[in-house]
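The block underneath contains the structure these notes are about, expressed in structure tokens.
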Amino acid sequence: MKQQKTFIVLRDKKTGYFLSAYKNRTGRLAYEASWVECVNDALIIPEDRLIKEENIYKGMARIFEAELIRVKAEFLIETLDEKEPNEPLQNVDDINKEKFLRSLVEGIFGGE
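Residues 1 to 112, numbered by the UniProt record's numbering, are exactly what the sequence shown covers, in order.
Here it is, written out as structure tokens:
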């Protein structure tokens with residue numbers, strides 16, 4: 001089974017490292033930032049958030065002397081013996097409905 005995910009990261013223009021953490025310094029116009037080589041360890045920005053708050057993230061990129069990079073990742077999901085995993089017996093929506101109905105019945109009738 002394959003899954004795809006697209007997200008945004010901040011990449012340092014000089015080193016090519018990715019932003020992994022940042023913190024404002026209290027009482028100062030300064031910040032601390034941590035950078036990593038591996039994109040897996042980077043802070044990620046969901047693509048839909050970038051669209052909604054593009055100016056904020058562009059401002060962060062300027063402050064950090066970084067660039068916004070789109071990452072398109074594809075994951076191959078398989079069992080340890082390299083086979084296709086079985087489909088789930090129930091989907092998440094069905095499980096949530098079942099839990100809701102069970103709690104509703106317990107609330108009305110005082111238990112099972």
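Yeah, the Cβ is synthetic: ideal placement off N, Cα and C, and Gly gets one too.
Leaving out five residues before and five after residue i in sequence, what residues of the same chain have Cβ atoms less than 8 angstroms from its Cβ?
{"i": "residue 34", "result": "19, 20, 21 and 22"}
{"i": "residue 78", "result": "1, 84 and 85"}
{"i": "residue 50", "result": "8, 57 and 68"}
{"i": "residue 64", "result": "10, 12, 19, 22 and 33"}
{"i": "residue 61", "result": "10, 67 and 68"}
Assuming residue i contacts residue j under a Cβ cut-off of 8 angstroms, what Cβ separation, rounded to an integer in Å, is found between them?
{"i": "residue 15", "j": "residue 71", "result": "No, residue 15 and residue 71 are not in contact; Cβ-Cβ is about 17 angstroms, not under 8 angstroms."}
When you compare each of the options to residue i by their alpha carbons, which one comes out closest?
{"i": "residue 46", "options": "10, 88 and 76", "result": "10"}
{"i": "residue 48", "options": "87, 8, 76 and 58", "result": "8"}
Which residues in the same chain have their Cβ closer than 6 angstroms to the Cβ of residue i, if we skip the five residues on either side of it in sequence?
{"i": "residue 75", "result": "3"}
{"i": "residue 73", "result": "5"}
Skipping 5 residues on each side, what residues in its chain have a beta carbon closer than 7 angstroms to that of residue i?
{"i": "residue 36", "result": "17, 18, 20 and 42"}
{"i": "residue 28", "result": "none"}
With contact counted as at least three CB pairs below 8 angstroms, one residue from each stretch, are the region 31-50 and the region 15-22 in contact? yes
Runs of beta strand (DSSP E) wholly within the region 24-54 (minimum 3 residues, chain order): 31-36
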